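The next block holds one structure in the form of structure tokens; read it before the comments.
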Amino acid sequence: MISKILPAAAGMLALSVSAALAQAAGGHAAPPEPFIYHSDGDLQGMTSKPTLGPVLSVLSDHENYFVEVVGRTKSGEPEFHSHWIDYIIVQHGEGTLTYGGTDTGATGHGEMRGGTINGGKSMDLHPGDYFEMPAGVWHQISLKPGTTAFRYMVIKIRQ
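Residue numbers 4 to 162, in the numbering used here, belong to the letters of the sequence shown in order.
Here is the structure:
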């Protein structure tokens, strides 16, 4: 009789442990993320600081993704991310996106910046526009003449 009960009990224990481990692996045992809210005015305040380069404010930072708001008062330089996909929403200002092609004069490994994009395509950017920049594609945001402030939200996902 015991020889029949022990295997059954061991099986039930194994199922219970497997279910508990699956629940923990699924993130249900982890504490929830806190609710985060920023108004458009908050985001403008985070990016409206006098500086020579872009103002980056990280809104959320996790191992495989992060969210930032970027404010520019001048055109950016070409950049290339080997392992990050950028999902971008333009919030304020007028600009031009140049993407694709090749770059000459860039520096860095995996996260390269600088130089000049050769053979890329260009498109106008306006508030409300959305685009996705795949990993491994050169891209640059330039301000339109007369634009003194350009702001956009970037959601970066590790590929």
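C-beta: ideal position from N, C-alpha, C; glycine also.
Predicted, not measured: the structure shown is a model, and the values here were computed from it.
Proximity of residue i and residue j at Cβ, strictly below 8 Å
{"i": "glycine 98", "j": "lysine 147", "result": "yes"}
{"i": "tryptophan 87", "j": "arginine 154", "result": "no"}
{"i": "arginine 123", "j": "glycine 103", "result": "The sequence as given places glycine at residue 123; arginine does not occur at that position. A contact, by the Cβ cut-off of 8 Å."}
{"i": "proline 53", "j": "glycine 74", "result": "no"}
{"i": "alanine 138", "j": "glycine 96", "result": "no"}
{"i": "aspartate 45", "j": "valine 157", "result": "no"}
{"i": "isoleucine 91", "j": "tyrosine 133", "result": "yes"}
{"i": "threonine 101", "j": "isoleucine 120", "result": "yes"}
Bridge partner(s) assigned by DSSP for residue i
{"i": "lysine 124", "result": "Tyr102"}
{"i": "tyrosine 1", "result": "Lying outside 4 to 162, the shown extent of the chain, residue 1 is not represented and no answer is given."}
{"i": "glutamate 82", "result": "Arg116, His142"}
{"i": "threonine 110", "result": "Arg116"}
{"i": "isoleucine 88", "result": "Ile160"}
{"i": "leucine 62", "result": "Leucine 62 pairs with nothing; no bridge assigned."}
Residue i: first and last residue of the uninterrupted alpha helix (DSSP H) it sits in
{"i": "glycine 48", "result": "43–50"}
Delimiting residues of the beta strand (DSSP E) encompassing residue i
{"i": "glutamate 66", "result": "That residue, glutamate 66, is in no beta strand (DSSP E); it is neither H nor E in DSSP."}
{"i": "tyrosine 133", "result": "133–136"}
Exposed unless 16 or more other CB atoms sit within 10 angstroms - verdict on residue i
{"i": "valine 72", "result": "buried"}
{"i": "proline 81", "result": "buried"}
{"i": "valine 93", "result": "buried"}
{"i": "histidine 65", "result": "exposed"}
{"i": "threonine 110", "result": "exposed"}
{"i": "methionine 126", "result": "exposed"}
{"i": "aspartate 106", "result": "buried"}
{"i": "histidine 31", "result": "A caution first: histidine 31 carries a pLDDT of 47, below 50, which makes its placement in the model unreliable, though a value can still be read off. Per the 10 Å Cβ criterion, exposed."}
{"i": "lysine 159", "result": "buried"}
{"i": "phenylalanine 38", "result": "exposed"}
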